[in-house]
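Below: the structure, in structure tokens.
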Amino acid sequence: MTATTTGRPEPEISFREVTQVFQVKGTDFTAVDGISLDIPNREFVTVVGPSGCGKSTLLNIAAGLVQPTGGQILVGGRPVSGPSPERGVIFQAYALFPWLTVRKNVEFGLKVAGVPAAVRRERARHFIDLVGLTDFADALPKTLSGGMKQRCAIARAYAVNPKVLLMDEPFGALDALTRVRMQDTLLEAWGKEQRTVMFVTHDVDEAVYLANRVVVMAARPGRIHRIVEVDLPYPRTEQIRLSPRFAELRNEVWHATYHQPQLDAEPA
Amino acid sequence: MSLFNVASVLVGLGGWALLAWIGVQGLPGPYAVAGRFVELIGDGTWLADTLASLRRVVLGFALGTLCAVPAGFLMGWYRLARGLLEPYVQFFRTIPPLAIIPLAIVLMGIDETPKIFVIFLASFLASVIATFQGVVSVDNTLINAARVLGAKDRVVFIRVVIPASTPFILVGMRVGLGSAWATLVAAELIAAQQGLGYRMQQAQLFYDLAAIFVSLITIGVIGLLMDRGLLWMERHLTDWQERR
């Protein structure tokens, strides 16, 4: 996509000294404290950290749903000023439109963009197939399981052809078995349709299994604690999940997540 | 209708017949009421009364709902509209529409206008609150989901807020219809030259209890049918809801 003349790929997502301060009962609460992070094009980055570390806030800022109180975020080299279909978001609560069928949900963004019906249908079909919902294209969300709802949400986000996918604990509400299967579905879709992904989770296994890089955050104030490079090849398989190297990386991320130096400089 | 429903109605009719037969003072039995019903149909009064009442309810209810839905949307979507309308809605909501009748008759005369007006008021208040509640309780995640898919305010309103508040509006309409029907009969009891309420009031003067029963049963049956109609519409339009 975009590349600078120096030959190094320009980061697709670039957080620059992003700060988010909320007012809670008159006192300032720093949810995100001066975070800088570059995510190159087509990288899969996962963000883990204890609750209150601002990982979801960071994602909402990237989505344009929250305006940061300080700093700047660039996506594709341009500052983010609001939500845009070039940044697809997948929510933990699925957020499917319950009155629309799977197909109509997937077509929603295309319809908003004024894409003709025939093209819409064809694109929707492609992504519904990609996430394995072919037989449920005409089903209403209420008839789907949690995993199927999230597949539909993934297809819907993909359908508008975003450059970036932002995922906010998308598998958090699923049982362990479904979660593992959804991780494989997601990686399979990502393997075929590569996008830059920022994936927020509280599950260390999930963070390591999916990512090129794991960003571990710390709370109070929300900041980046460590970044762990995951040097495992794609496609990720069960073999990789059970490999000694995976276990090492998992340990590393685990320690970074659960044994953080307490820096409670701020009053609680 | 289940077998139990049918059995229950038959037992009820039987009990009524028994009470009339053992001689509760002046109480006509089902047979006498059916006879009076045939008479009233025969001389055309039943149809004229029923149509007069229906006309008032349908007009008042349709006008009330048509005004309430846009007003409710405005209140839910724009802070300014909410600020301006809410005090009136909340205040008039606490006054039973029936209490407005004396004033309405004095100001608007004794013809159709005051009756339709109070019915309008009854159905308007029920639907405006429900629509407003519907808009306010639209899941914020759904609105965000639409926005990240490229929807601007207008599209969010049409494609998310309206469908998401439909169940609330339909509940409001059902409450409104019940309240409209109740208000109508009371309005006709006070001042009318025609209608089911008026007929009951006349029958009371002439000690014609069977005619009172005919009117009562007609009111009940029509109210039930209209409610079933709206219920059917609700099922049909909001079939997508996850029912717990």
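Residue numbers (the working numbering), protein chains in the order written: chain F, 306 to 573; chain X, 26 to 269. Cβ coordinates follow ideal geometry from the N, Cα and C atoms, glycine included.
query	result
Excluding five sequence neighbours on each side, which residues of the same chain lie with their C-beta closer than 7 Å to the C-beta of residue 416 of chain F?	425
Taking the alpha carbon of residue 463 of chain F as the point to measure from, which residue in F/418, F/503, F/498, F/449 has its own alpha carbon closest?	F/498
Which two residues bound the contiguous beta strand (DSSP E) that contains residue 395 of chain F?	392-395
Excluding the five sequence neighbours on either side, which residues of its own chain have a C-beta within less than 7 Å of the C-beta of residue 316 of chain F, listed in chain order?	343, 344, 345
Suppose you measure from the CA of residue 36 of chain X to the CA of residue 52 of chain X; what does that come to, to the nearest Å?	18 Å
I want to verify the contact list: residues of chain A whose CB lies under 7 Å from the CB of residue 265 of chain X, in sequence order.	This model lacks chain A altogether, as its protein chains are F and X.
Once you ignore the five residues that flank residue 84 of chain X on each side, which residues in its own chain have a CB closer than 6 Å to its CB?	141
Could you list which residues in chain X have their beta carbon closer than 8 Å to that of residue 370 of chain F, in chain order?	169, 172, 173
Mind reading off the beta-carbon distance from residue 159 of chain X to residue 193 of chain X? Whole number of angstroms is fine, and I expect it under 8 Å.	3 Å
With respect to the alpha helix (DSSP H) encompassing residue 482 of chain F, which residues constitute its N-terminal and C-terminal limits?	481-497
Should residue 512 of chain F go down as buried or exposed, given a rule of 16 or more other Cβ atoms within 10 Å for buried?	buried
Looking only at DSSP bridge pairs, what is residue 522 of chain F linked to?	F/529
By the 10 Å Cβ neighbour count, where 16 or more other Cβ atoms means buried, how is residue 38 of chain X classified, buried or exposed?	exposed
Check distances from the C-beta atoms of the segment 173-197 of chain X to those of chain F and list, in chain order, the residues that come in under 9 Å.	173, 174, 175, 176, 177, 180, 184, 185, 188, 189, 191
Helix, strand or coil, according to DSSP, for residue 462 of chain F in the structure here?	helix
Distance, Cα to Cα, residue 576 of chain F vs residue 319 of chain F?	Since the first residue of chain F shown is 306 and the last is 573, residue 576 of chain F is not available in this structure.
Give me the Cβ distance between residue 198 of chain X and residue 152 of chain X, rounded to the nearest whole Å; I'm assuming they're in contact under 8 Å.	6 Å
Near residue 249 of chain F, which residues of its chain fall below 8 Å by C-beta distance, leaving aside the five closest residues on each side in sequence?	Residue coverage of chain F in this structure runs from 306 to 573, which leaves residue 249 of chain F outside it and unanswerable.
Assuming residue 240 of chain X and residue 204 of chain X are in contact, meaning their beta carbons sit under 8 Å apart, how far apart are those beta carbons, in whole angstroms?	Between residue 204 of chain X and residue 240 of chain X the Cβ distance is about 19 Å, and since that is not below 8 Å, they are no contact.
Taking residue 349 of chain F as part of the beta strand (DSSP E), name the residues at either end of that continuous run.	349-353
Identify, in the order they occur along the chain, each residue of the same chain with its Cβ nearer than 7 Å to the Cβ of residue 546 of chain F, setting aside the five sequence neighbours on each side.	514
Within a Cβ cutoff of 6 Å, which residues of the same chain sit near residue 435 of chain F, ignoring the five residues on either side of it in sequence?	494
Taking only runs of the beta strand (DSSP E) that begin and end inside the segment 367-442 of chain F, which ones reach a length of at least 3 residues, in chain order?	375-380, 392-395
Is it buried or exposed for residue 56 of chain X, if we count other Cβ within 10 angstroms and need 16 for buried?	exposed
For residue 389 of chain F, return the contacting residues in chain X, with the cut-off set at a CB-CB distance below 8 Å.	173, 175
On the DSSP letters alone, give me the boundaries of the alpha helix (DSSP H) that residue 221 of chain X sits inside.	221-230
So which residues on chain X does residue 392 of chain F lean against when the C-beta distance must stay under 8 Å?	173
Check whether chain X comes within 9 Å of residue 414 of chain F, counting only Cβ atoms and requiring the distance to be less than that.	yes
What would DSSP say about residue 476 of chain F, mapped onto helix, strand or coil?	coil
Under DSSP, the alpha helix (DSSP H) around residue 549 of chain F begins and ends at which residues?	549-563
Less than 9 Å between the C-beta atoms of residue 210 of chain X and residue 78 of chain X, yes or no?	yes
Counting pairs of beta carbons, one from the segment 165-172 of chain X and one from the segment 207-221 of chain X, are three or more of them closer than 8 Å?	no
Report, in whole angstroms, the separation of the C-beta atoms of residue 469 of chain F and residue 350 of chain F, which I expect to be a contact under 8 Å.	So it is not a contact: roughly 11 Å between Cβ atoms.
Could one say the Cβ of residue 306 of chain F lies closer than 9 Å to chain X's Cβ atoms, at least one of them?	In this prediction, residue 306 of chain F scores a pLDDT of 45, lower than 50, which makes its location untrustworthy; the coordinate-derived value is nonetheless stated afterwards. Taking Cβ atoms only, chain X never reaches closer than 9 Å to residue 306 of chain F, which makes this a no.
I need the straight-line Cα distance from residue 328 of chain F to residue 376 of chain F, nearest angstrom please.	18 Å
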